[in-house]
Amino acid sequence: MVELLRIEDDASLCVAEVGNQIPFEIKRVYYLLKPKPGELRGSHAHRETDQILFCIQGTVKMVLDDGKTREEVCLPEAHIGVRLPPMMWHEMHDMTKETVLLVLASKEYAESDYIRDYEEFKNCLF
Ligand code: T46
Numbered sequence: 000m001v002e003l004l005r006i007e008d009d010a011s012l013c014v015a016e017v018g019n020q021i022p023f024e025i026k027r028v029y030y031l032l033k034p035k036p037g038e039l040r041g042s043h044a045h046r047e048t049d050q051i052l053f054c055i056q057g058t059v060k061m062v063l064d065d066g067k068t069r070e071e072v073c074l075p076e077a078h079i080g081v082r083l084p085p086m087m088w089h090e091m092h093d094m095t096k097e098t099v100l101l102v103l104a105s106k107e108y109a110e111s112d113y114i115r116d117y118e119e120f121k122n123c124l125f
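Numbering follows the numbering used here, in which position 11 of the sequence shown is assigned residue number 10; successive positions increment by one, without gaps.
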């Protein structure tokens, strides 16, 4: 998990700085909003891209699978993110239409960076 600096005054201000909370150079930022309720997203791993994902509104449950251990995590607070290093299979579910996921990524988008087949993912690990 990655904890941002949170400044509480009349609002909540959350800060992500490269070299402090973020351990890689950020090459891409994207966000996912208005998912279809009940939709499953993710279901892939990235070969080289390192990412940190924040649920900045609404709810999400994430499945994280490194090929040895599979665990489910919730992200109940906007300043607590989950790191998705390379070769971490991840799935997002139980989102509502209010859910907003913000992702900081270490690389530009490339479809060749994705492994979308679970068997292929397992084979790549060994
Ligand atoms: C993750 C969640 C939250 C692009 O063209 N550029 C991009 O930067 C991205 C992220 C996607 N796309 C295209 C590729 C696909 O044709 O948008 C389509 C859906 O992308 P993807 O399958 O990556 O969508 P999600 O929501 O299943 O997953 C993405 C991230 O890959 C994933 O790591 O954490 O968003």
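Beta carbons: idealized from backbone N, C-alpha and C, even for Gly.
Values in this document were obtained by computation on a predicted structure and should not be read as measured data.
**Prompt:** Which residue's Cα is closest to the Cα of V59: D9, E107 and L32?
**Reply:** L32
**Request:** Using the Cα positions of E118 and L12, report the straight-line distance between them to the nearest angstrom.
**Result:** 41 Å
**Message:** Once DSSP output is grouped into helix, strand and coil, what is the label at D116?
**Reply:** coil
**Message:** Pairs of beta-carbons, one from the stretch 103-113 and one from the stretch 45-52, closer than 8 Å: are there three or more?
**Reply:** yes
**Prompt:** Per the contact definition of three or more C-beta pairs closer than 8 Å, is the stretch 34-46 in contact with the stretch 90-97?
**Reply:** yes
**Item:** Proximity winner among F120, K26 and E2, relative to N19 (alpha-carbon distances)
**Value:** E2
**Item:** Bridge-paired residues (DSSP) for R82
**Value:** I51
**Asked** Buried or exposed: I6, going by 16 or more other Cβ atoms within 10 Å of its Cβ?
**Response** exposed
**Request:** Look at the Cβ atom of M0, then the Cβ atom of V62, and state whether they are nearer than 8 Å.
**Result:** no
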